[in-house]
Amino acid sequence: MAKRPVGCAIGNLRNGPAAERLGAIRFFGVECIEPQFDIDAFDADDEPFVHAARDQFKQARLSVWSVHAPFGLEVDLSSADTAIRARGTAAVKRAARGAAFLGAGVMVVHCGDLCGSNQDRQGPLERSKEALSEILTACDGINVRIALENLPPGRLTCEAEELMSVVTAFPADRVGVCLDTGHANIAGTLNSLMDAVSSRIITVHLHDNDGSEDQHLVPGDGTIDWQMVRSALDSSPYDGPLMFEVDRPGAYAEMMVDVMKTAEWFANWNTHTFPRRKY
Ligand SMILES: [Zn+2]
996 MAKRPVGCAI GNLRNGPAAE RLGAIRFFGV ECIEPQFDID AFDADDEPFV
1046 HAARDQFKQA RLSVWSVHAP FGLEVDLSSA DTAIRARGTA AVKRAARGAA
1096 FLGAGVMVVH CGDLCGSNQD RQGPLERSKE ALSEILTACD GINVRIALEN
1146 LPPGRLTCEA EELMSVVTAF PADRVGVCLD TGHANIAGTL NSLMDAVSSR
1196 IITVHLHDND GSEDQHLVPG DGTIDWQMVR SALDSSPYDG PLMFEVDRPG
1246 AYAEMMVDVM KTAEWFANWN THTFPRRKY
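If you read the sequence shown in our numbering, its first letter stands for residue 996, the second for the next number, and so on.
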């Protein structure tokens, strides 16, 4: 596999990194980013803000590969509450317009953030599909694909089967999967999930953890078998960037060095040894 571009999820666009941080990301070799939209992002009132963000990214020579749509209980697309669902659908539609404005070709969306394991899951899945259909119609004419993310245990679409039941209800050129390695590691299903979603991956969130909770560690600092992830990704049709969704408070530069070493290994795994392994 040729060397993939390196990307970084930069978090909430509104409270996200200052311009200096963007410059630093580029300095380390990152070429693209994934900002996240607020629930009320890209209202008409926010236009100057989004224009400023676009200028900042351009100045730092960072392209926007993807955006993360708003998520959470207030905007849950699978909610039984009509008002919440409507708010969520509107928020994700706005994010789609924001994505197109920033030049992103992919928008990461959560099917649903509620849903404990013993609850009815069919109802939420159906409601989520309905909301996504509406969002997709709104995306007609803009070049933004929807990437449905595998979520951590206790949420809708943690299981591959559930995720694929929604993904395969839509055309492959419009809806795919955002493979989140950290979430699948908590669920203990990374291997089988990668197998099941392989043909539909259109973006990734690469991060590690010890299997207990979301920790957004750099690959190698947790328990994920990265050789397995690398091999599964390389044998999938996915040819996009390695989008890292990592954080190491207080040690940003050091973290970026480790991220770039990991990316280097992804491209040269047959001649390089994996740069770090804590477990
Ligand atoms: Zn993620």
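From the three backbone atoms N, C-alpha and C, an ideal C-beta is built for every residue, glycine too.
- For Glu1144, the distance from the CB to the nearest heavy atom of ligand 1 is below 7 Å.
- Burial of Ala1055 is indicated by the presence of at least 16 other C-beta atoms within 10 angstroms of its C-beta.
- Scanning its chain for C-beta atoms nearer than 7 Å, with the 5 sequence neighbours on each side dropped, one finds around Leu1158 the residues Leu1143, Asn1145, Thr1152, Val1172 and Val1192, in chain order.
- Note that the region 1039-1052 does not touch the region 1216-1234; fewer than 3 beta-carbon pairs, one per stretch, sit closer than 8 Å.
- The beta-carbon separation of Gly1235 and Ile1197, rounded to 7 Å, stays under the 8 Å limit for a contact.
- In this structure, Leu1237 and Arg1016 do not form a Cβ contact; the two beta carbons are roughly 19 Å apart against a cut-off of 8 Å.
- With distances taken between CA atoms, Pro1148 lies nearest to Leu1109 out of Leu1109, Val1139 and Thr1132.
- By the beta-carbon neighbour count (other beta carbons within 10 angstroms, threshold 16), Phe1066 is buried.
- By the beta-carbon neighbour count (other beta carbons within 10 angstroms, threshold 16), Tyr1274 is exposed.
- For Asp1242, the closest alpha carbon among the candidates Ala1094, Asp1209, Arg1169 and Leu1228 is that of Asp1209.
- Runs of the beta strand (DSSP E) spanning 3 or more residues and lying entirely within the region 1135-1168 occur at 1140-1144, in chain order.
- For Ile1028, the enclosing beta strand (DSSP E) begins and ends at Cys1027 to Gln1031.
- Positions of the alpha helix (DSSP H) runs, each at least 4 residues long and wholly inside the region 1054-1112, are given as 1077-1097 in order along the chain.
- For Asn1180, the uninterrupted alpha helix (DSSP H) segment begins and ends at Thr1176 to Ala1182.
- Taking a contact as a CB-CB distance under 8 Å, the pair Leu1068 and Asp1033 does not count as one, their CB atoms being some 15 Å apart.
- Here DSSP, grouped into helix, strand and coil, assigns His1046 to helix.
- Beta-bridge partners assigned by DSSP to His1211: none are found.
- At least 8 Å separates the beta-carbon of Ala1258 from that of Val1059.
- With contacts defined by Cβ atoms closer than 8 Å, Gly1217 and Asp1229 do not form a contacting pair.
- At least one heavy atom of ligand 1 lies less than 7 Å from the C-beta of Glu1240.
- For Ile1219, there is no enclosing beta strand (DSSP E), as DSSP marks it with neither H nor E.
- For Ile1130, no beta strand (DSSP E) encloses it; the enclosing alpha helix (DSSP H) starts and ends at Gln1117 to Ala1133.
- If you draw a straight line from the Cα of His1178 to the Cα of Glu1129, it is about 27 Å long.
- Annotated three-state conformation of Thr1198 is strand, per DSSP.
- Distances between the C-beta of Asp1108 and the heavy atoms of ligand 1 are all 7 Å or more.
- DSSP links Gly1006 through a beta bridge to Pro1030.
- Per the DSSP secondary-structure output, Asp1203 pairs in a beta bridge with Leu1212.
- Leu1072 and Arg1272 have their C-alpha atoms spaced approximately 38 Å apart.
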